[in-house]
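Peer 1:
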Amino acid sequence: LLFCSLFRSHILDESDPKELEIARQTLTFLNSFEEIIGAKTLEKSGLTDGLCPETSSIPDFRGSLPQAVLLIENLQEADVVAAHPEVELGGEWKPTDCKARHRVGIIVPFRDRQSHLTRLLDFLIPILQRQRLDFRFIVTEQYGNDLFNKGRIMNAAFRFAETLNVDCVIFHDVDMFPQDDRNPYACPPFPRHMGAFVNTLGYQLWYEEIVGGVLAVSMEDYRVINGYSNMYWAWGGEDDDMGKRILSLNYTIERPDPETGRYSMLKHVKRKRTAPKLVYKLLDIAEKRVAYDGLNETDKWTIRKITVRPLYYHLYVDVGKVPDEWREKS
1 LLFCSLFRSH ILDESDPKEL EIARQTLTFL NSFEEIIGAK TLEKSGLTDG
51 LCPETSSIPD FRGSLPQAVL LIENLQEADV VAAHPEVELG GEWKPTDCKA
101 RHRVGIIVPF RDRQSHLTRL LDFLIPILQR QRLDFRFIVT EQYGNDLFNK
151 GRIMNAAFRF AETLNVDCVI FHDVDMFPQD DRNPYACPPF PRHMGAFVNT
201 LGYQLWYEEI VGGVLAVSME DYRVINGYSN MYWAWGGEDD DMGKRILSLN
251 YTIERPDPET GRYSMLKHVK RKRTAPKLVY KLLDIAEKRV AYDGLNETDK
301 WTIRKITVRP LYYHLYVDVG KVPDEWREKS
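Mapping of the sequence shown onto UniProt numbering: residues 1 to 330, in sequence order.
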């Protein structure tokens with residue numbers, strides 16, 4: 001760049017046509033060179049024109065969030081739609097004043113919790129907007145009323161998320177509400193256990209492989225991990241299995257700090273862990289099943305129906321037949 005300045009300060013002999021032509025060509029080259037160097041410099045500094053700021057440098061966060069709103073039980077989906085007219089079909093939104101750094105798919109596994117879902121959407125939308133994210137919601141629901149298989153409906157939702165060209169997905173339990181909007185919902189460099197500190201668990205991290213509640217993972221990392229196990233039925237096991245998978249592949253499980261990573265879990269009827277002996281048997285060999293039990297088993301589920309609603313994509317997923325051993329012990 002110093003050479004560019006020196007050349008521009010050089011006094012040309014304007015009476016010499018050959019020198020003028022050489023100067024014109026040289027200046028054209030220098031202008032192009034400076035544009036490239038300038039763009040590279042901006043890119044490295046994170047100040048690329050039009051790109052939204054990094055989540056950590058956004059000034060309008062509120063920090064600790066009031067939790068009294070979680071007590072509202074009669075909130076209707078139509079109320080949330082009316083409150084957020086800027087949100088497009090499928091719960092899609094992106095900032096208009098800058099280009100979002102991350103395209104995020106929020107995947108919510110769902111069964112019989114409509115009031116929780118409505119409150120969650122209403123609660124999360126302003127947070128995601130303040131974080132300047134390009135986001136959409138994917139609610140994945142099991143078809144029928146048989147034993148629940150959370151892993152299969154989340155794998156199915158991931159496959160659907162691939163069609164939306166997102167950079168990462170966040171698996172978000174319907175009853176988990178962040179207590180601080182500085183906990184980034186952006187795409188992480190490593191799997192990130194966002195819901196690490198929960199009120200019902202005394203805000204303590206109970207064991208290393210815990211990743212339940214809210215988990216963010218890039219699309220590529222999820223494929224390497226081979227998604228969730230398809231083998232856990234009813235309630236319990238699939239999240240701990242995922243934690244074991246992540247660690248067995250030498251990933252670091254990122255977590256927010258204990259202040260910004262706090263969540264409130266809505267009260268609901270507690271479900272007992274089904275068939276604990278089967279669950280623990282599977283967990284003992286979780287690392288050995290990574291290669292063949294998971295996302296690559298596309299015959300384990302079928303998306304029966306996709307509905308595009310005002311606030312989310314709604315998937316109905318057929319998870320197949322329940323094994324007899326699980327039915328007998330459930």
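We treat Cβ as the ideally placed atom computed from N, Cα and C, and that holds for glycine.
Determine the direct distance from the alpha carbon of Asn-226 to that of Asn-296, and round the result to whole angstroms.
Peer 2: Numbered from its first residue, the sequence shown carries residue 296 at position 296. Numbered from its first residue, the sequence shown carries residue 226 at position 226. Rounded to whole angstroms, Asn-296 to Asn-226 spans 7 Å at the Cα level.
Peer 1: Taking a contact to mean a Cβ-Cβ separation below 7 Å, would you say Asn-155 touches Tyr-222 in this structure?
Peer 2: Residue numbering aside, residue 155 sits at position 155 when the sequence shown is read from its first letter. Residue numbering aside, residue 222 sits at position 222 when the sequence shown is read from its first letter. Not a contact, by the Cβ cut-off of 7 Å.
Peer 1: Would Gln-179 be called buried (16 or more neighbouring beta carbons within 10 Å of its own) or exposed?
Peer 2: As a position in the sequence shown, residue 179 is number 179, starting the count at 1. That one is buried.
Peer 1: Per DSSP, which residues does Cys-168 bridge with? Please list them.
Peer 2: Within the sequence shown, residue 168 is the residue found at index 168, counting from 1. Paired residues: Val-104 and Ser-218.
Peer 1: When the Cα of Leu-311 is compared with those of Ile-107, Pro-53 and Arg-192, which residue comes out closest?
Peer 2: As a position in the sequence shown, residue 311 is number 311, starting the count at 1. The shortest Cα separation from Leu-311 among Ile-107, Pro-53 and Arg-192 belongs to Ile-107.
Peer 1: For Pro-184, which residues from the same chain have a beta carbon less than 6 Å from its beta carbon, with the 5 sequence-adjacent residues on both sides left out?
Peer 2: Here residue 184 refers to the residue found at position 184 of the sequence shown. Contacts found: Thr-55.
Peer 1: From Gln-129 to Gly-91, what distance separates their C-alpha atoms?
Peer 2: For the purposes of this step, residue 129 is taken as the residue at position 129 of the sequence shown. For the purposes of this step, residue 91 is taken as the residue at position 91 of the sequence shown. The alpha-carbon atoms of Gln-129 and Gly-91 are separated by roughly 12 Å.
Peer 1: Within the same chain, show all residues whose beta-carbon is closer than 8 Å to that of Thr-274, passing over the 5 residues directly before and after it, in chain order.
Peer 2: On the sequence shown, residue 274 is found 274 positions in, with the first residue counted as 1. Within the same chain, Thr-274 has close Cβ partners Leu-147, Trp-233, Ala-234, Trp-235, Gly-236, Trp-326, Lys-329 and Ser-330.
Peer 1: Buried or exposed: Trp-206, going by 16 or more other Cβ atoms within 10 Å of its Cβ?
Peer 2: In the sequence shown, counting from the first residue as 1, residue 206 sits at position 206. Under this definition Trp-206 is an exposed residue.
Peer 1: At the level of alpha carbons, what is the spacing between Gly-320 and Lys-305?
Peer 2: Position 320 of the sequence shown, counted from the start, is the residue given in the question as residue 320. Position 305 of the sequence shown, counted from the start, is the residue given in the question as residue 305. So the alpha carbons of these two residues sit roughly 15 Å apart.
Peer 1: Determine whether the Cβ of Leu-249 lies closer than 7 Å to any Cβ atom of chain C.
Peer 2: Protein chains in the displayed structure number just one, and chain C is not present.
Peer 1: In three-state DSSP terms, what is Ser-229?
Peer 2: Locating residue 229 in the sequence shown gives position 229, counting from the first residue. DSSP places Ser-229 in coil when its eight states are reduced to three.
Peer 1: Say the cut is 6 Å; is the CB of Phe-110 nearer than that to a heavy atom of the ligand NAP?
Peer 2: No copy of the ligand NAP occurs in the structure displayed, which carries no ligand at all.
Peer 1: Buried or exposed for Gln-76, please, with buried defined as at least 16 other CB atoms from any protein chain shown within 10 angstroms of its CB.
Peer 2: In the sequence shown, counting from the first residue as 1, residue 76 sits at position 76. Flag for Gln-76 reads exposed.
Peer 1: Within a Cβ cutoff of 6 Å, which residues of the same chain sit near Val-214, ignoring the five residues on either side of it in sequence?
Peer 2: As a first step, residue 214 must be located in the sequence shown, where it is residue number 214. Excluding sequence neighbours, Val-214 sits near His-172, Met-176, Met-194 and Gly-195.
Peer 1: Tell me, to the nearest whole angstrom, how far the beta carbon of Thr-140 is from that of Val-322; I am working on the premise that it is less than 8 Å.
Peer 2: For the purposes of this step, residue 140 is taken as the residue at position 140 of the sequence shown. For the purposes of this step, residue 322 is taken as the residue at position 322 of the sequence shown. 18 Å between Cβ atoms; not a contact.
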